[in-house]
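Asker:
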Amino acid sequence: MHRIVIIDAGGTISASPDSSGALGGGAGGEELLALLPQAERQRCVVERAGIGLSEEMRLTDARRLVAMVQAACARPDTLGVVVAHGTDTMEEVAFLCDLLHGGDMPVVFTGAQRAPSVAGFDGAANLRDAVQTILHPGSIGAGVLIVFGGRIISARHATKVDSSAPDAFGPEWAVVGRVDPGRARLFSRPLRTPPLACATLDENVELVMIGLGSSGRGVALASAAPTRGIVLRALGQGNVPPAVVEAMAQARAEGVIILVATGAGAGGTGAAYASGAKLRDLGAVFAGDLGARQARILLACVLGDGASPLEAQASLLAWLAGSDPCRD
22 MHRIVIIDAG
32 GTISASPDSS
42 GALGGGAGGE
52 ELLALLPQAE
62 RQRCVVERAG
72 IGLSEEMRLT
82 DARRLVAMVQ
92 AACARPDTLG
102 VVVAHGTDTM
112 EEVAFLCDLL
122 HGGDMPVVFT
132 GAQRAPSVAG
142 FDGAANLRDA
152 VQTILHPGSI
162 GAGVLIVFGG
172 RIISARHATK
182 VDSSAPDAFG
192 PEWAVVGRVD
202 PGRARLFSRP
212 LRTPPLACAT
222 LDENVELVMI
232 GLGSSGRGVA
242 LASAAPTRGI
252 VLRALGQGNV
262 PPAVVEAMAQ
272 ARAEGVIILV
282 ATGAGAGGTG
292 AAYASGAKLR
302 DLGAVFAGDL
312 GARQARILLA
322 CVLGDGASPL
332 EAQASLLAWL
342 AGSDPCRD
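First residue of the sequence shown? That's 22 in the numbering used here, and the numbers climb one at a time after it.
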């Protein structure tokens, strides 16, 4: 019989409170199977990643988890893979999985906003919805998906939009399907790009957020050795204050790769305004419509495996060109 592999990567869906009531890593494992109806339970097997809460993860943990997904996908008796994961970093790990996942095997991330010990626990419904999505033929070749609160969302554009409510992930324009009681519906196909080959991620990639009147100090601190890349969560379409341009010039002179993402909830980036044009002239790369946290994962991938800055920049530009057919 073909099986759905459920990888228990921790998070709220399997969390339990300590003596003070604070949530920590829980039992998980076979207890996840108990959340499913009997008919679906018989089609699933559980593997434990031993991670705990997602805020405790490092990039090495994320890469190891993706390796578990890849190994499960490679087995001939696998029907699909569900990853039960913490919501705080789910969008990053799911995107990493999407970057590295080749082939058509369905892969779905899900979790919970409310723990099993809390009234209104949503993990059981989300896990059932994830399994139903795997069973839908439209999930074949759709890339990595996040299924949460009845929504099916492309991992490429998913983001956590609420810190505690059950409808945790969006945005609405990234929804590619929904799960009604007992059945999934996919009504659009996410854009797929060729998978990257990346055995190790470069952890020396920082994320800097820009706001009104930001100085260049944040960039200067972030670009200090051993940093090899910076994702700049810029204003609007990739705009920054003058002091940030100066700090970016120094970072580029030190060989740091700069990837510019928008701080808005949607839309792209580019050199439409003077400050963006200055960043472009410095050699900064614009991340298109990728969110800043996804952009950081992409940059960590292309800098991985000991890639030189020139190799990484070439890989970055090639991936971005392939992910946006309208890109200049």
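Backbone N, C-alpha and C define an ideal beta-carbon position, used for all residues, glycine too.
No experiment lies behind these values; they were computed from the predicted model shown.
Do F116 and A60 have their CB atoms nearer than 7 angstroms?
Answerer: It is not a contact, given that the beta carbons lie outside the stated cut-off.
Asker: Please work out which residues of its chain come closer than 7 angstroms, Cβ to Cβ, to R24, disregarding the five sequence neighbours upstream and downstream, and give them in chain order.
Answerer: Excluding positions up to five away in sequence, the list reads R64, C65, V66, D98, T99, L100.
Asker: Taking the straight line between their C-alpha atoms, what separation do you get for A186 and Q134?
Answerer: For A186 and Q134, the distance between alpha carbons rounds to 7 angstroms.
Asker: Using the three-state DSSP reduction, which class does T221 fall into: helix, strand or coil?
Answerer: Correct three-state label for T221: coil.
Asker: Evaluate the contact criterion for the region 307-318 versus the region 243-258: three or more CB pairs, one atom per stretch, below 8 angstroms.
Answerer: Result yes; three or more Cβ-Cβ pairs closer than 8 angstroms.
Asker: Quick check on L148: buried or exposed, where buried means 16 or more other Cβ atoms within 10 Å of its Cβ?
Answerer: It counts as buried.
Asker: Quick check: the Cα distance between G191 and V129, rounded to an integer number of angstroms?
Answerer: Taking the straight line joining both Cα atoms gives about 15 angstroms.
Asker: Measuring only the C-alpha atoms, how far is A305 from L222?
Answerer: Straight-line Cα distance between these residues: approximately 21 angstroms.
Asker: Is any heavy atom of the ligand HEM found at a distance shorter than 6 angstroms from the C-beta of L117?
Answerer: Absence of the ligand HEM is noted for the structure shown, with no ligands found whatsoever.
Asker: Determine whether the beta carbon atoms of G71 and G107 lie at a separation below 7 angstroms.
Answerer: Going by C-beta atoms, G71 is not nearer than 7 angstroms to G107.
Asker: Can you name the residues that DSSP bridges to I27?
Answerer: In DSSP, I27 forms a bridge with V67, V103.
Asker: Please return the same chain residues whose Cβ sits closer than 7 angstroms to the Cβ of A270, not counting the five positions on each side in sequence.
Answerer: L303.
Asker: Assuming the contact rule is C-beta atoms closer than 8 angstroms, A145 and L56 should be a hit. Round their C-beta distance to whole Å, please.
Answerer: Contact flag correct, Cβ pair sits at about 4 angstroms.
Asker: Nearest to M111 by CA position, among S75, E193, R249, S160, is which residue?
Answerer: Of the candidates S75, E193, R249, S160, the one whose C-alpha sits nearest the C-alpha of M111 is S75.
Asker: Mind pulling the beta strand (DSSP E) runs of 3 or more residues that sit fully within the region 232-280?
Answerer: Counting only runs of 3 or more, we get 250-255.
Asker: Between the Cα of G234 and the Cα atoms of G123, S244, N260, E224, which residue gives the shortest distance?
Answerer: The option with the nearest alpha carbon to G234 is N260.
Asker: So, is R84 buried or exposed, given that buried needs 16 or more other C-beta atoms within 10 angstroms?
Answerer: It counts as buried.
Asker: Beta-carbon separation of V240 and V265 under 7 angstroms?
Answerer: Yes. Within cutoff.
Asker: Look at the alpha carbon of I231 and the alpha carbon of P216, and state the distance between them as a whole number of angstroms.
Answerer: Between I231 and P216, the C-alpha separation is close to 31 angstroms.
Asker: Could you check the C-alpha separation between L331 and L324 for me, to the nearest Å?
Answerer: If you take the alpha carbons of L331 and L324, they lie about 10 angstroms apart.
Asker: Buried or exposed for L121, please, with buried defined as at least 16 other CB atoms from any protein chain shown within 10 angstroms of its CB.
Answerer: Buried, by the Cβ-count rule.
Asker: Grouping DSSP H, G and I as helix and E and B as strand, with all else coil, what is R96?
Answerer: In this structure, R96 counts as coil in the three-state DSSP scheme.
Asker: How far does the beta strand (DSSP E) with E227 in it extend, from its first residue to its last?
Answerer: E227 -> beta strand (DSSP E) spans 226-230.
Asker: Note down the Cα distance separating H157 from G276, rounded to an integer number of angstroms.
Answerer: About 47 angstroms.
Asker: Thinking C-beta only, is A272 closer than 7 angstroms to S236?
Answerer: Not a contact, by the Cβ cut-off of 7 angstroms.
Asker: Only counting runs of 3 or more residues, tell me where the beta strand (DSSP E) segments fall wholly within the region 104-174, in order along the chain.
Answerer: Runs of the beta strand (DSSP E) inside the region 104-174: 128-131, 165-169.
Asker: Could you pull out every residue in the same chain whose Cβ sits closer than 8 angstroms to the Cβ of E113, ignoring the five residues on either side in sequence?
Answerer: Hits under 8 angstroms: A83, R314, Q315, R317, I318.
Asker: Within 10 angstroms of its Cβ, does L86 collect 16 or more other Cβ (buried), or is it exposed?
Answerer: L86 is buried by the Cβ-count criterion.
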